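Residues 65 to 340, numbered by the working numbering, are exactly what the sequence shown covers, in order.
Note that the Cβ used here is the ideal one computed from N, Cα and C, for glycine as well.
Every value quoted in this text rests on a predicted model; they were computed, and no experiment measured them.
Structure first, commentary second.
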Amino acid sequence: MSNEENIMSIEAVHNTGGDSSDALVSKRVLFLKDIQVKHDELEEKFIEEKAALEAKYDNLYKPLFNKRYEIVNGVAEAETEKGVPNFWLIAMKTNEMLANEITERDEGALKYLKDIRCCRIENNSRNFKLEFLFDPNPYFKNSVLSKTYHVTDDDDDGPVLDKVIGTDIKWCPGKCLTHKVVVKKRPKKGTKKVNNIPMTKTENCESFFNFFKPPEIDEVDECYTTMVEELQNLTDQDYDIAVTIRDKLIPHAVSWFTGEALVDEDEYNDDDENDD
Numbered sequence: 065m066s067n068e069e070n071i072m073s074i075e076a077v078h079n080t081g082g083d084s085s086d087a088l089v090s091k092r093v094l095f096l097k098d099i100q101v102k103h104d105e106l107e108e109k110f111i112e113e114k115a116a117l118e119a120k121y122d123n124l125y126k127p128l129f130n131k132r133y134e135i136v137n138g139v140a141e142a143e144t145e146k147g148v149p150n151f152w153l154i155a156m157k158t159n160e161m162l163a164n165e166i167t168e169r170d171e172g173a174l175k176y177l178k179d180i181r182c183c184r185i186e187n188n189s190r191n192f193k194l195e196f197l198f199d200p201n202p203y204f205k206n207s208v209l210s211k212t213y214h215v216t217d218d219d220d221d222g223p224v225l226d227k228v229i230g231t232d233i234k235w236c237p238g239k240c241l242t243h244k245v246v247v248k249k250r251p252k253k254g255t256k257k258v259n260n261i262p263m264t265k266t267e268n269c270e271s272f273f274n275f276f277k278p279p280e281i282d283e284v285d286e287c288y289t290t291m292v293e294e295l296q297n298l299t300d301q302d303y304d305i306a307v308t309i310r311d312k313l314i315p316h317a318v319s320w321f322t323g324e325a326l327v328d329e330d331e332y333n334d335d336d337e338n339d340d
């Protein structure tokens with residue numbers, strides 16, 4: 065609908081009451097539009113200043129995160145038992161959303177996780193990349209697994225997730241955690257057997273490491289609308305996990321490791337319920 069049509073529709077609503085003339089209503093709408101323009105200008109300035117402020121504090125956080133990395137991984141220590149064993153695995157499992165994504169099979173690989181980092185990209189405060197740094201391990205060859213989120217600004221609907229890029233994990237033979245080998249059903253009685261070797265097939269399975277593969281929709285015989293809704297739900301869940309890692313886990317990893325963050329979050333939720 066054009067601006068002229070919007071004004072006409074507003075005029076029509078006011079005219080039904082018979083309290084204002086067309087000229088007065090049109091004049092008021094113009095004043096309202098002027099207020100909206102000024103608001104949008106301030107909002108644009110706010111976004112610019114927010115991006116600059118985030119960049120400033122990202123640089124201030126770096127030395128602290130680097131020091132945390134050195135302590136967790138025992139970089140500067142001489143003891144036999146270096147660092148804090150399973151620091152990131154424990155921190156992640158303390159967070160309910162992340163714990164739900166981690167399977168028992170994943171834990172062996174996540175014990176090799178030595179750091180998680182987040183960086184803004186392309187001078188856009190909304191775009192970010194998560195990096196998971198791993199020690200050499202028997203599960204995969206990558207030393208870094210990453211997930212990048214590109215967000216665009218939509219004039220009408222606000223920020224929109226535009227593109228997600230994940231790392232292609234180079235699994236070691238027989239160590240893939242996102243697939244499992246299952247034995248096919250035995251043939252029915254009377255079917256001729258070729259040999260006694262059981263037939264197997266590979267299936268997708270739940271794993272935290274599916275996080276590094278952007279959501280996809282399997283082929284289904286449902287309507288197109290259902291597929292779109294399913295993809296949207298998967299995308300929303302994926303983005304929620306990323307934001308939890310970015311905004312909760314990374315800045316407060318020590319508190320998640322000790323369990324203090326869980327207590328704080330419970331108290332915060334209780335306060336919200338009391339406000340309601």
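Which residues mark the beginning and the end of the beta strand (DSSP E) in which residue i is found?
{"i": "R184", "result": "L177 to I185"}
{"i": "V246", "result": "H243 to V247"}
{"i": "T158", "result": "Premise fails: T158 lies in the alpha helix (DSSP H), F151 to T158, not in any beta strand (DSSP E)."}
{"i": "K265", "result": "T264 to N268"}
In this structure, does DSSP put residue i in helix, strand or coil?
{"i": "V228", "result": "strand"}
{"i": "T212", "result": "strand"}
{"i": "P223", "result": "strand"}
{"i": "E165", "result": "coil"}
{"i": "E134", "result": "helix"}
{"i": "D311", "result": "helix"}
{"i": "S90", "result": "helix"}
{"i": "N201", "result": "coil"}
{"i": "K193", "result": "strand"}
Restricting to Cα atoms, I'd like to know which of the options is closest to residue i.
{"i": "G230", "options": "F275, V307, E168 and M263", "result": "F275"}
{"i": "I135", "options": "V101, E118, L225 and P149", "result": "P149"}
{"i": "A163", "options": "V292, E270, M291 and L225", "result": "E270"}
{"i": "N201", "options": "K227, N191 and D170", "result": "D170"}
{"i": "S189", "options": "E324, D179, M161 and Y121", "result": "Y121"}
{"i": "E112", "options": "K97, D217 and Y125", "result": "D217"}
{"i": "F273", "options": "L295, H243 and A115", "result": "H243"}
{"i": "K211", "options": "D199, I185 and K205", "result": "I185"}
{"i": "F321", "options": "Q301, V247 and E160", "result": "E160"}
{"i": "Q296", "options": "D226, D311, I233 and A325", "result": "D226"}
Who are the near neighbours of residue i in its chain, counting only those whose CB is closer than 8 Å to its CB and skipping five residues on each side?
{"i": "Y203", "result": "G172, A173, Y176, W235, C236, K239 and L241"}
{"i": "R132", "result": "A317 and V318"}
{"i": "A87", "result": "none"}
{"i": "V101", "result": "none"}
{"i": "A325", "result": "T158, N159, K312, H316 and S319"}
Can you list, in chain order, the residues of its chain whose CB lies under 6 Å from that of residue i, leaving out five sequence neighbours each side?
{"i": "C183", "result": "K193"}
{"i": "V245", "result": "T264 and T266"}
{"i": "L209", "result": "F196, T231 and F276"}
{"i": "T167", "result": "E270 and S271"}
{"i": "N137", "result": "G147 and K178"}
{"i": "E118", "result": "S189"}
{"i": "R181", "result": "E195"}
{"i": "K205", "result": "K234"}
{"i": "A115", "result": "S189"}
If contacts are defined as beta-carbon pairs under 8 Å, then residue i and residue j qualify, I think. What distance do you get, rounded to the angstrom?
{"i": "L298", "j": "A155", "result": "In fact, because the Cβ distance is near 25 Å, the residues do not count as touching under 8 Å."}
{"i": "N191", "j": "V215", "result": "6 Å"}
{"i": "P278", "j": "V228", "result": "4 Å"}
{"i": "I309", "j": "E165", "result": "Rounded, the Cβ-Cβ distance is 10 Å, inconsistent with contact."}
{"i": "Y213", "j": "Y125", "result": "About 19 Å separates the two Cβ atoms, so there is no contact after all."}
The alpha helix (DSSP H) spanning residue i covers which residue range?
{"i": "S319", "result": "A317 to T322"}
Ordered along the chain, which non-local residues of its own chain (more than five positions away) have a Cβ less than 7 Å from that of residue i?
{"i": "G323", "result": "T158"}
{"i": "L153", "result": "E171, L174, K175 and L177"}
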